[in-house]
Amino acid sequence: MKLSKLLFIPMLALLFTSCSSVRVSTDYDTKADFAKYKTFAFYKTGIDKAPINDLDKKRILRAVEAELLAKGMTKSSAPDILISLFTKSRERINVNDNRFGGFWYPWYYGPNLVTVSQHTEGTLFIDLLDASNKELIWQGVGTGALNMRNVEQREERIKEFVNKIMAEYPPGSQKR
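Each residue of the sequence shown is one higher than the one before, counting from 0 in numbering that gives the first Met the number 0.
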């Protein structure tokens, strides 16, 4: 029985870290009329500055394009809005003390139930700029764990990030 409890706690911690969700926040220009934006294009100048590899850039751009097309927008050479992106990442270390709720018991000589996990936390910024003046009108930011070991997992995680961010566009369209 003790062994099953000891294995349960680290497995639970692993489950929560591997299935961590994407935290999203957005900001926008309250004076912008989002109903007038019907066409889009990618802002190469901004995208080229994003500090990620070209394959991940392509994955992100495809996912953003799919989301905007699903919202009824069309890709155009004379767009209403330009899409730019930026990314950043940092290493995170989680230490969980699972010894009886964190209390120290001098008579307990069992195994150490402190678990340490490390993962990379990534942040994706999706910026929408008014094409006429190149001013930022909407920004979506998604942050979450980047535990992608193979191409399929990478693809799915990127789609999840973009889907959750773009669910907030246009402002007021999401169900609260």
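Heads up, the beta-carbon is just placed ideally off N, CA and C, and yes, glycines get one too. Keep in mind that this is a model prediction, so the values were computed, not measured.
For I51, which residues from the same chain have a beta carbon less than 6 angstroms from its beta carbon, with the 5 sequence-adjacent residues on both sides left out?
Translated into the one-based positions of the sequence shown, residue 51 becomes position 52. Same-chain partners within the cutoff: T86.
Please report how far the alpha carbon of G101 lies from the alpha carbon of I125, in whole angstroms.
Walking along the sequence shown from the start, residue 101 turns up at place 102. Walking along the sequence shown from the start, residue 125 turns up at place 126. Caution applies to G101, whose pLDDT of 48 falls short of 50 and renders its modelled position unreliable; the value that the coordinates give is listed next. Cα to Cα, the separation comes out at about 40 angstroms.
Determine the burial state of Q138: buried for a count of at least 16 other Cβ atoms within 10 Å of its Cβ, exposed for fewer.
In the sequence shown, the residue the question calls residue 138 occupies position 139. Classification of Q138: buried, given that the 10 Å Cβ count is 16 or more.
As assigned by DSSP and simplified to three states, the class of T44:
Stepping through the sequence shown from its first residue, residue 44 is reached at position 45. Helix at T44.
Below 8 angstroms between beta carbons: does that hold for R148 and Q117?
Here residue 148 refers to the residue found at position 149 when the sequence shown is read from its first residue. Here residue 117 refers to the residue found at position 118 when the sequence shown is read from its first residue. For R148 and Q117, no; Cβs fall outside 8 angstroms.
Is the CB-CB distance between Y42 and L81 below 8 angstroms?
Here residue 42 is taken as the residue at index 43 of the sequence shown, counted from 1. Here residue 81 is taken as the residue at index 82 of the sequence shown, counted from 1. In this structure, L81 lies closer than 8 angstroms to Y42 by Cβ.
For E167, name the three-state secondary structure that DSSP assigns.
Residue mapping note: residue 167 aligns to position 168 of the sequence shown, counting from 1. In the structure shown, E167 sits in coil (DSSP, three-state: anything other than H, G, I, E or B).
What three-state label does DSSP hand N132 in the structure shown?
Counting from 1 along the sequence shown, the entry for residue 132 is found at position 133. Residue state, collapsed to three classes: coil.
Own chain residues within Cβ distance below 6 angstroms of S24, not counting five before or after:
The residue given as residue 24 occupies position 25 in the sequence shown. Only V140 meet the Cβ criterion.
Just verifying my parser: in three-state terms, what is the DSSP assignment at R148?
In the sequence shown, counting from the first residue as 1, residue 148 sits at position 149. The answer is coil: DSSP assigns R148 none of H, G, I, E or B.
For E167 versus G143, is the C-beta distance shorter than 8 angstroms?
Indexing the sequence shown from 1 puts residue 167 at position 168. Indexing the sequence shown from 1 puts residue 143 at position 144. Taking 8 angstroms as the Cβ cut-off, E167 and G143 do not qualify as a contacting pair.
Backbone secondary structure at I59 - three-state DSSP
Taking the sequence shown and counting its residues from 1, the one referred to as residue 59 is at position 60. If DSSP states are grouped into helix, strand and coil, I59 belongs with the helices.
In chain order, what residues of the same chain lie with their CB nearer than 7 angstroms to the CB of A49, ignoring the 5 residues before and after it?
By one-based count along the sequence shown, residue 49 stands at place 50. Cβ neighbours of A49 beyond the five flanking positions: K56, L84, F85 and T86.
Let me confirm a value: A130 is counted as buried when at least 16 other C-beta atoms fall within 10 Å, else exposed. Which label applies?
Numbered from its first residue, the sequence shown carries residue 130 at position 131. That one is buried.
Please report the distance separating the alpha-carbon of V63 from that of N93.
The residue you call residue 63 lines up with position 64 of the sequence shown. The residue you call residue 93 lines up with position 94 of the sequence shown. Spanning the two alpha carbons is a distance of roughly 31 angstroms.
Starting from V191, follow its DSSP beta bridges and name the residues at the other end.
Within the shown structure, residues of the chain are numbered from 0 to 175, placing residue 191 beyond reach of any answer.
8 angstroms CB neighbourhood of S75 in its chain, flanking five on each side removed
The count along the sequence shown starts at 1 and reaches residue 75 at position 76. Answer for S75: T38, F39 and A40, listed in chain order.
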